[in-house]
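Written out below as structure tokens is the structure these notes cover.
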Amino acid sequence: MLAWLTARGTKRRRWIACGLGVGLPVLVLLALVLACLINAWSVSEPDWHYQLRPSGSGHLINDSLFEERLGRFQAALRIPTISVDARNLNESALEEFKNFLQTSFPRLHGGNEDKITCEVVSNYSFLYEIKGSDESLTPYLLAAHLDVVPVEEDKWNYDPFEAMKDGEYIYARGAFDDKHAVMGILEALDYFLFTKNESVKRTFYVGIGHDEEVSGRQGAAKIAEVLHNRGVKTMDFVLDEGFVVLTNALPGVQVPVALVGVSEKGYAEVSVSVDGVSGHSSMPPKESAIGIISKAVSRLEAYPQPHFFDSSSVEYTTLETAAPHSSFLYKLIYSNLWLFKNIVSNQFLESASTAATVRTTTAPTLFNAGYKINVVPSTATAYINHRVHPKQTIEDVLEYDREVIGDSRVNVTLNTDTYIRPHPISPYGPDSPQYKLLARSILEVFPQSFVAPGTMIATTDTKYYLNFSKNVYRFAPTFLDIEDMPRLHGHDERIRVENYREVVDFFFRLMVNANQVNARPLHVHARNEL
Ligand SMILES: [Zn+2]
Numbered sequence: 094m095l096a097w098l099t100a101r102g103t104k105r106r107r108w109i110a111c112g113l114g115v116g117l118p119v120l121v122l123l124a125l126v127l128a129c130l131i132n133a134w135s136v137s138e139p140d141w142h143y144q145l146r147p148s149g150s151g152h153l154i155n156d157s158l159f160e161e162r163l164g165r166f167q168a169a170l171r172i173p174t175i176s177v178d179a180r181n182l183n184e185s186a187l188e189e190f191k192n193f194l195q196t197s198f199p200r201l202h203g204g205n206e207d208k209i210t211c212e213v214v215s216n217y218s219f220l221y222e223i224k225g226s227d228e229s230l231t232p233y234l235l236a237a238h239l240d241v242v243p244v245e246e247d248k249w250n251y252d253p254f255e256a257m258k259d260g261e262y263i264y265a266r267g268a269f270d271d272k273h274a275v276m277g278i279l280e281a282l283d284y285f286l287f288t289k290n291e292s293v294k295r296t297f298y299v300g301i302g303h304d305e306e307v308s309g310r311q312g313a314a315k316i317a318e319v320l321h322n323r324g325v326k327t328m329d330f331v332l333d334e335g336f337v338v339l340t341n342a343l344p345g346v347q348v349p350v351a352l353v354g355v356s357e358k359g360y361a362e363v364s365v366s367v368d369g370v371s372g373h374s375s376m377p378p379k380e381s382a383i384g385i386i387s388k389a390v391s392r393l394e395a396y397p398q399p400h401f402f403d404s405s406s407v408e409y410t411t412l413e414t415a416a417p418h419s420s421f422l423y424k425l426i427y428s429n430l431w432l433f434k435n436i437v438s439n440q441f442l443e444s445a446s447t448a449a450t451v452r453t454t455t456a457p458t459l460f461n462a463g464y465k466i467n468v469v470p471s472t473a474t475a476y477i478n479h480r481v482h483p484k485q486t487i488e489d490v491l492e493y494d495r496e497v498i499g500d501s502r503v504n505v506t507l508n509t510d511t512y513i514r515p516h517p518i519s520p521y522g523p524d525s526p527q528y529k530l531l532a533r534s535i536l537e538v539f540p541q542s543f544v545a546p547g548t549m550i551a552t553t554d555t556k557y558y559l560n561f562s563k564n565v566y567r568f569a570p571t572f573l574d575i576e577d578m579p580r581l582h583g584h585d586e587r588i589r590v591e592n593y594r595e596v597v598d599f600f601f602r603l604m605v606n607a608n609q610v611n612a613r614p615l616h617v618h619a620r621n622e623l
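Sequential numbering of the sequence shown, starting at 94, is according to the working numbering.
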């Protein structure tokens, strides 16, 4: 009997153990699924972001004035301010552009020194100072550039310097990058100072460089120098070109996202070389210089730099911010990144364009070795172009390269003349008044969008302004479908006519909001307000 009972008890325990063995993981799984679903169902726009949305909207420009402004914009696009390289600028076009700005905006260029002064820097760049009445307020800087990249005319369907308007778009080199900002800022400034007669409390600056496309050393760098020499030490924030309002940029997100660049990748040219392994081609050494360097390059490609996609990364926040605006499937993913981050991270790494946002990229671009077919060269050098992720230093990247190559004969050397350190990550989110000011101005003009941070892959003039502020943002108020991206620096660059109206509106709203930043008369409306 006892034996039977014992056997029965053991059996039951086994069943319980077995039940627990199968049931527990199922329960955990169910709980996980439930938690994910609840997160997805309940995700909503954060209050701080919602509260920045305007209760109403309206354009500041009436139609007759808009046509006039549009005409000026087209005239600016017709001047071919092409930068080929730092020593090859189109100086006659730059001179023409200078005269054009001075005659188009006479009130900004003299006679109103109590309100605004303008200094021409390095012959063709401009620095405007708009003097505020309250010296306790830290000034800010709006930056843009007036030069454009060259064109391959035969690949264009339109004359790149005719600024043809087809009803919906204006086609021209510079329409997007970056003359809309140059003209939009100046139109808004003229309106702000002389039509609206705003009394300026906070001093601000407008810096327009003329050689951004070929380094910015004569333009933005010199503007920064002039500011420094005037005793300007800090800026509340700096806003330059960068990301835009994008449609179809994030999977599962139909709503336009206004991406604000909060950092910029660094730049490093690295040589990977070996010296002193020579020999005759009739009796070659076991390992030639070419072989050693080939192996080194191949290892650098096989073991790419680490990637950064975790809760502290900018891209993680981008997706979290997108969650309330996504289709249900993506809502499920973006609101549960704690669970799906590895899957999402792998997706990022799948494509070259998204991989570049989460890691330092490694591009072998040059390979030098040998001079005669029957001589084994004693040296070989490969050049690697790294774009350095803001979560790494250039030193980290070099150390990783050396570790991956794992060959003491190979020298890994940084070109110290050309490197640019990755930019610090500027504050973003509800705790940054400057980011919120920008987000508010964006939402006033693009109320259908949401604002999220991003990391810039391309470089801008902001590298020269980093010392002035920790709040450096890269955003242009232009609207772009991701499919139109190749037009930038490509063919048939264009901007929507209506978008140009929004460009001027945005800069005006920003000037108004920055002027009120201390008073912050922000209209906070409740979610159920009608
Ligand atoms: Zn640009």
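No residue lacks a Cβ here, since even glycine has one placed at the ideal position from N, Cα and C.
Treat the numbers as computed from the prediction; the structure is a model and nothing was measured.
Close Cβ partners of residue i (< 6 Å) along its chain, the five nearest in sequence each way excluded
i	result
Thr210	Glu222
Phe568	Gly335, Phe336 and Val353
Lys484	Phe401
Thr296	Lys224, Gly225 and Pro232
Ala532	Leu145 and Val544
Alpha helix (DSSP H) segment containing residue i, residue limits
i	result
Thr506	That residue, Thr506, is in no alpha helix (DSSP H); its beta strand (DSSP E) goes Asn504 to Leu507.
Tyr427	Phe421 to Tyr427
Ile498	Ile487 to Ile498
Ser642	A query on residue 642 cannot be resolved here, the shown segment of the chain reaching from 94 to 623 and no further.
Alpha-carbon spacing of residue i relative to residue j, whole angstroms
i	j	result
His482	Thr288	44 Å
Trp249	His321	42 Å
Leu130	Ala124	10 Å
Glu280	Tyr298	15 Å
Ala351	Ser471	53 Å
Asn216	Ala317	15 Å
Glu228	Val325	12 Å
Ala619	Val505	Residue placement at Ala619 is poorly supported in this model, since its pLDDT is 42, which falls under 50; the coordinates are not used for a value here.
Ile629	Leu422	Given a span of 94 to 623 for the chain in the structure shown, any question on residue 629 remains unanswerable.
Phe402	Leu393	21 Å
Ala607	Asp270	24 Å
Met604	Tyr284	11 Å
Ser525	Thr552	24 Å
Lys258	Leu163	10 Å
Val307	Ala179	5 Å
Residue span of the beta strand (DSSP E) that contains residue i, given as start and end
i	result
His238	Tyr233 to His238
His479	Thr472 to Val481
Leu332	Val331 to Thr340
Val350	Val350 to Glu357
Thr458	Thr454 to Ala462
Ser185	Where Ser185 is concerned, there is no enclosing beta strand (DSSP E), although the alpha helix (DSSP H) it sits in stretches over Glu184 to Ser197.
Thr571	Val565 to Asp574
Arg587	Arg587 to Arg589
Glu212	Ile209 to Val214
Beta-carbon proximity check, residue i vs residue j, cutoff 8 Å
i	j	result
Pro232	Asp329	yes
Ala389	Val490	no
Val242	Ser137	no
Ala636	Ile301	Coverage of the chain is limited to positions 94 through 623, which leaves residue 636 absent and any answer about it impossible.
His400	Arg452	yes
Val338	Asp494	no
His479	Thr455	yes
Ile550	Thr474	no
Ser420	Gly345	yes
Arg589	Phe572	yes
Leu220	Thr174	no
Asn444	Val407	Note on identity: in this sequence residue 444 is Ser, with Asn being the wrong assignment. Contact: no.
Val469	Ser371	yes
Ala256	Ala265	yes
DSSP-derived helix/strand/coil call for residue i
i	result
Met376	coil
Val605	helix
Ser387	helix
Asp271	coil
Asp178	strand
Ala124	helix
Met328	coil
Pro49	This structure leaves residue 49 out entirely; the chain is present only between 94 and 623.
Pro680	Since the first residue of the chain shown is 94 and the last is 623, residue 680 is not available in this structure.
Close beta carbons around residue i, own chain, < 8 Å, minus the five adjacent residues each side
i	result
Phe193	Ala168, Ala169 and Ile172
Val538	Ser150, Pro570, Glu595, Asp598, Phe599 and Arg602
Tyr557	Gly309, Ala313, Ala314, Ile316 and Ala317
Leu442	His400, Ala448, Val451 and Arg452
Residues near residue i by beta carbon distance below 7 Å, same chain, minus five either side
i	result
Arg165	Ser197 and Met276
Glu413	Tyr427 and Leu430
Asp574	Thr340 and Asn341
Residue-chain proximity (residue i, chain B), Cβ-Cβ < 8 Å
i	result
Phe539	Absent from the structure: chain B. Only one protein chain is present.
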